[in-house]
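All the letters of the sequence shown, read from the start, carry residue numbers 753 to 896 under this note's numbering. Ideal Cβ placement from N, Cα and C applies to all residues, glycine included. Since this is a predicted model, take the numbers as computed values, not measurements. Data block below; observations after.
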Amino acid sequence: MTSASASPPSTVPSTTTTSSVELLPTPPSRPDANADPETPDAAAADDDDDPIVESYHVLLKPELPAHQQLLVLQHPNRNVDYLGGATELRLKPASGMVELDMPLGHGASYDRAKGVNWGKALAQANASRSGGAHGLAGGFGVGA
753 MTSASASPPS TVPSTTTTSS VELLPTPPSR PDANADPETP DAAAADDDDD PIVESYHVLL
813 KPELPAHQQL LVLQHPNRNV DYLGGATELR LKPASGMVEL DMPLGHGASY DRAKGVNWGK
873 ALAQANASRS GGAHGLAGGF GVGA
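Dropping the structure here:
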């Protein structure tokens with residue numbers, strides 16, 4: 753968890769925090785007895801390939817000042833045993849882009865095939881950057 757101010761920092765260590773954060777599991781929701789099961793929202797929820805399995809309320813103690821924001825970032829390919837932190841965070845508030853540099857371990861939890869695919873996407877994004885792509889974020893959707 754990292755907090756960042758509204759003006760983008762050049763380097764934010766992963767241990768920087770401005771507030772204590774308490775995560776509480778959200779109680780399970782009960783289905784609405786009056787809901788129509790044939791509504792588009794209900795049908796879309798049944799067809800979801802990536803359902804939300806758990807949600808959390810985030811309580812900040814004390815509240816963040818108005819000029820600060822809290823970013824909660826999760827690395828989906830990170831092994832729980834690897835506790836290395838972020839080395840750099842770049843935030844572009846106007847566009848909403850966040851770039852986070854994380855060291856990669858090349859041990860048993862490293863997936864070489866994904867690394868090769870991401871490297872190709874990065875190379876393609878860098879090659880098309882002059883055409884107005886959004887860097888790394890612009891390369892993952894090309895040719896997919």
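query, result
"Check whether Leu825 and Leu852 have beta carbons under 8 Å apart", "yes"
"Leu856, buried or exposed, once every other Cβ within 10 Å from all chains shown has been counted against 16", "exposed"
"Leu816 and Leu822 closer than 8 Å at C-beta", "yes"
"Own chain partners of Asn878 with C-beta closer than 7 Å, once the 5 adjacent residues on each side are dropped", "none"
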